[in-house]
């Protein structure tokens, strides 16, 4: 009788262990799926920021000569600051524009390249503010 009860207890423990193992596996799968979703959301955020930055650059070329000239830089920086969730390191960005010659296509290429690679810390020109804050 005691042996039967021990066998019943052992079977019950086996069932519990299997159920817990399945629950852990299901939880691990959910964590992986959530990580993938978060990664996609961050890509979407970066794409939206890139689109907004490029539109702002184009609109800041007030005389339509395909150059961001010295007198257009302040307006460009002001417009970038108005993009929700984006901070710009003004001095670095201003230097980047002037050293590149201010060509609209060059400025846009630099922004695209910055969006493609994360630059952390002091090297960042743009900081995208979200819960994970990405520096570019």
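In the numbering used here, the protein residues as written are 211 to 346. Cβ coordinates follow ideal geometry from the N, Cα and C atoms, glycine included.
Taking the CB atoms as reference points, tell me whether residue 279 and residue 312 lie closer together than 7 Å.
Contact: yes.
Please report the distance separating the alpha-carbon of residue 220 from that of residue 234.
Their backbone Cα atoms lie some 21 Å apart in a straight line.
Look at the alpha carbon of residue 308 and the alpha carbon of residue 317, and state the distance between them as a whole number of angstroms.
Roughly 10 Å between the two C-alpha positions.
Looking at C-alpha atoms only, which residue of 241, 240, 302, 288 is the closest neighbour of residue 266?
When only C-alpha atoms are compared, the closest one is 288.
Can you tell me which of 275, 284, 250, 256 puts its alpha carbon nearest to the alpha carbon of residue 314?
Among 275, 284, 250, 256, the Cα nearest to that of residue 314 belongs to 275.
Look up residue 219 in the DSSP assignment and give the residues it is bridged to.
DSSP output for residue 219 lists no bridge partner at all.
Using DSSP bridges, identify the partner residues of residue 300.
Residue 300 pairs with nothing; no bridge assigned.
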